[in-house]
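Have a look at the structure below before the remarks.
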């Protein structure tokens, strides 16, 4: 079962290995894939064995666990989830919804898996924009050529009393990398960033021996936390929101994060 919610708009980099493998087996086009016979007495090990034998391009399975539905198991590959029956005869890609509470159980699980320890982020590798008192904090992974990132920047302008840490995350090609260098090496990266993202002012080309190792570290950081599209917003409670979410939603998430701290 899939949710009826519209995915948050985001600019995407390379597709993950798991998604490519699933796409190759037709799972992105069809929700259910019949895999044939399996042992009568199946368990976690049997599910792993069946899927490994029948889907040889599938990346290594990290975890198999029961779901609230009898006979249905969650199969976790990194932070991507699919579901299998207890024999590994069928596999399902989609979101599990609790109809009683309308809770998206799949998304809740993914949110937990992808939560980030805000205090451990290398904020020295981000440039900082403070609005008002700057008392509230959030992190944004953003690509300078991402149209949805530009939309988000306009919404961020409306926030009050917030400190925004932006990690340049060039995943859309060589020009994104070049622009990230020009922005990072600017005298005032925050001003240059918003000049480009909001007003369309092309950053001045960086000259000399500017150290842009931080940008590469940001790419590695994003890969570590499986940031597969931009923008990606991280709140102080470790929760994250992929895509260009509106200012009102950011405000509610900031408030929720404050209550948890």
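Numbering (our numbering), first residue to last: 224 to 484.
Ideal Cβ placement from N, Cα and C applies to all residues, glycine included.
Quantities reported herein were computed from a predicted structural model and do not represent experimental measurements.
Hey, could you find the ends of the beta strand (DSSP E) residue i is sitting in?
i: residue 361; result: 359-365
i: residue 295; result: 295-300
i: residue 444; result: No beta strand (DSSP E) holds residue 444; the alpha helix (DSSP H) holding it covers 436-447.
i: residue 307; result: 303-308
i: residue 451; result: Residue 451 -> no beta strand (DSSP E), and no H or E assigned at all.
i: residue 269; result: Not the beta strand (DSSP E): residue 269 falls in the alpha helix (DSSP H), residues 267-277.
i: residue 353; result: 350-354
Relative to the C-alpha of residue i, which residue among the options is closest?
i: residue 466; options: 472, 480, 453 and 475; result: 453
i: residue 322; options: 346, 342, 425 and 292; result: 292
i: residue 403; options: 367, 410 and 271; result: 367
i: residue 429; options: 408, 443, 482 and 415; result: 408
i: residue 295; options: 317, 392 and 397; result: 317
i: residue 357; options: 373, 380 and 340; result: 380
i: residue 461; options: 271, 423, 360 and 438; result: 360
i: residue 312; options: 329, 343 and 270; result: 270
Pop quiz: residue i and residue j are said to be a contact at Cβ under 8 Å. What is the actual Cβ separation, rounded to whole angstroms?
i: residue 412; j: residue 406; result: 6 Å
i: residue 355; j: residue 385; result: 7 Å
i: residue 364; j: residue 445; result: 6 Å
Here's the rule I'm using: 16 or more other beta-carbon atoms within 10 Å means buried, otherwise exposed. How should residue i be labelled?
i: residue 234; result: buried
i: residue 347; result: exposed
i: residue 268; result: exposed
i: residue 263; result: Because residue 263 carries a pLDDT of 37, less than 50, the predicted location of this residue cannot be relied on, and no value is offered for it.
i: residue 451; result: buried
i: residue 369; result: buried
i: residue 393; result: buried
i: residue 480; result: buried
i: residue 468; result: buried
Hey, quick one: how far does the alpha helix (DSSP H) through residue i stretch, first residue to last?
i: residue 392; result: Unbroken run through residue 392: none, as it is neither H nor E.
i: residue 289; result: Segment 286-289 is the beta strand (DSSP E) holding residue 289; no alpha helix (DSSP H) there.
i: residue 374; result: 370-379
i: residue 404; result: 397-407
- Any chance you could list the beta strand (DSSP E) runs of at least 3 consecutive residues sitting entirely within the stretch 305-341, in chain order? 313-315
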